[in-house]
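In our numbering, the protein residues as written are 33 to 346. The C-beta atom is built at its ideal place from N, Cα and C for all residues, glycine as well. The structure presented is a predicted model; accordingly, all values stated were derived computationally and were not measured.
Structure (C-alpha cells):
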C-alpha cells in the first residue's frame, strides 16, 4: 500500500492539490473537542512542492525497508517500522474528511495563523484522493510592521505581509481509491506523537475510559483502579488499548478467578492481594492490559502458548 502512495504521487497533478488548515477547540468544562476546517487557495508551484515533499518522504521511508505493524503493537525488533491503523479507529478523522469535501468551507485568513492546529493536503485524481496530515506548531512568524526585511538579489526591502512556514514532511497518509472497501482502509503513520496530537488520541480515549469508571470499579479486579488509569493515561498506546477493551466487551467477561488461572498457566509476574485483586506496579501495566484483552492464547495444533501482539476474530 505504501508503494501505491508513491505511484499515486508520481502521477499527481499540482492543479489538483488542495490545502486545508485545521483549528481545534476544547471546552474546558465538558472537555469536548471540536475541529474547524478552513480552505485556502494555492498556486500550482506550491501544489508541486506539497506533492514532492510527500513523494520524497515516502520513498525515503521505503528505502529503509520498513516493517509495517499495527498501531499500538510494540515491535519485536529495532527494525524501522511504519504503523498503520484502520481509518475508522482514528478519532475525528471521519469528521475532517467530510469537511474537506465541503466546497462551502470558510476561507483561511492570515489573522488566524496562530490558531492553526494542523493542516491537510488533499491530492485528487478523478474519484481517488490522497490525504496527507501534519500537526502544525506555529513558528515565529515574519510579520509586517515588525522591522522585518526580505532580501531579493542583494536588495533589502521592508516586509509588508506575513510569511507562514509549511513543513517538508507529513505525519500520516491515507489513500482513498475508487472501489476500496472503506471499512478496511488504513492510515499510515510516519510520526506517531504528532499524529496522535493532531487527532487528540489521548483526550478522546481518556474521556472514553473516565466515562466507564463505575463499570471498571464494579468489576473489582485491581487493587487501585485510579492508579491503573493514571498509568494508562501516560502512554497513548495503553489508554487506547484499555478503551478498546472496554468498548469491545472483553473487560466485562473477566473475573478474578480466570485472571489468576491465566497468570498461573502462563507464569506471569503478577501478585494478588488477599481478596484476589491484582497488585499494581509500574512494571506490570502492559501484562494486565494483555490479560484483560485476552492476549494470552494457545495454539490448537501445537498446544504452544503465545502472547499475541495482534488478533483478528474469526
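For residue j and residue i, believed in contact at Cβ under 8 Å, the rounded distance
| i | j | result |
| --- | --- | --- |
| residue 227 | residue 204 | 5 Å |
| residue 131 | residue 72 | Contact doesn't hold; Cβ gap of about 14 Å is too wide. |
| residue 238 | residue 271 | 6 Å |
| residue 206 | residue 153 | Not a contact, Cβ separation roughly 11 Å. |
| residue 309 | residue 288 | 7 Å |
| residue 240 | residue 278 | 7 Å |
| residue 37 | residue 162 | 7 Å |
| residue 266 | residue 210 | In fact, because the Cβ distance is near 42 Å, the residues do not count as touching under 8 Å. |
| residue 164 | residue 86 | 5 Å |
| residue 223 | residue 44 | That pair is no contact at about 22 Å. |
Residues of its chain near residue i, where Cβ-Cβ distance is below 7 Å and the 5 sequence neighbours each way are ignored
| i | result |
| --- | --- |
| residue 326 | 282 |
| residue 316 | 301 and 302 |
| residue 151 | 51, 52, 53, 54, 166 and 168 |
| residue 249 | 257 |
| residue 179 | At residue 179, the pLDDT of 47 sits below 50, so the modelled position is not reliable; the number obtained from the coordinates is stated separately. Here the set comprises nothing. |
| residue 138 | 70 |
| residue 314 | 263 |
| residue 350 | An answer regarding residue 350 cannot be provided, because it is not within the stretch 33 to 346 covered by the chain. |
Contacting residues, own chain, Cβ-Cβ under 6 Å from residue i (five flanking each side not counted)
| i | result |
| --- | --- |
| residue 263 | 317 |
| residue 291 | 323 |
| residue 35 | none |
| residue 344 | The predicted position of residue 344 is uncertain, since its pLDDT is 49 and thus under 50; a value taken from the coordinates is nonetheless stated next. Excluding residues within five positions, none has a Cβ falling inside 6 Å. |
| residue 76 | 46 and 47 |
| residue 236 | 123 |
| residue 294 | 323 and 328 |
Terminal residues of the alpha helix (DSSP H) in which residue i lies
| i | result |
| --- | --- |
| residue 126 | 125-131 |
| residue 249 | 245-251 |
| residue 268 | 268-280 |
| residue 86 | 76-94 |
| residue 299 | Premise fails: residue 299 is in no alpha helix (DSSP H) and is neither H nor E. |
| residue 259 | 257-265 |
| residue 61 | Note, residue 61: premise wrong, no alpha helix (DSSP H); not H, not E. |
| residue 240 | 233-242 |
| residue 36 | 34-42 |
| residue 230 | 224-230 |
Unbroken beta strand (DSSP E) run spanning residue i, endpoints
| i | result |
| --- | --- |
| residue 58 | 49-58 |
| residue 218 | 218-221 |
| residue 69 | 65-71 |
| residue 198 | First-last for residue 198: undefined, no H or E at that position. |
| residue 151 | 148-157 |
| residue 162 | 160-167 |
| residue 114 | 113-118 |
| residue 102 | 99-102 |
Own chain residues within Cβ distance below 8 Å of residue i, not counting five before or after
| i | result |
| --- | --- |
| residue 126 | 119 and 120 |
| residue 221 | 103, 114, 115, 116, 117, 203, 204 and 227 |
| residue 305 | 255 and 311 |
Any non-hydrogen atom of the ligand HEM within 7 Å of residue i CB
| i | result |
| --- | --- |
| residue 287 | Looking at this structure, you won't find the ligand HEM or any other ligand, since it has none at all. |
Counted within 10 angstroms of its Cβ, other Cβ atoms place residue i as buried (16 or more) or exposed
| i | result |
| --- | --- |
| residue 115 | buried |
| residue 214 | exposed |
| residue 60 | exposed |
| residue 273 | buried |
| residue 56 | buried |
| residue 66 | exposed |
| residue 90 | buried |
| residue 79 | buried |
| residue 230 | buried |
| residue 346 | At residue 346, the pLDDT of 49 sits below 50, so the modelled position is not reliable and the matter cannot be decided from this model. |
| residue 49 | buried |
| residue 133 | exposed |
| residue 197 | exposed |
| residue 218 | buried |
| residue 136 | exposed |
| residue 92 | exposed |
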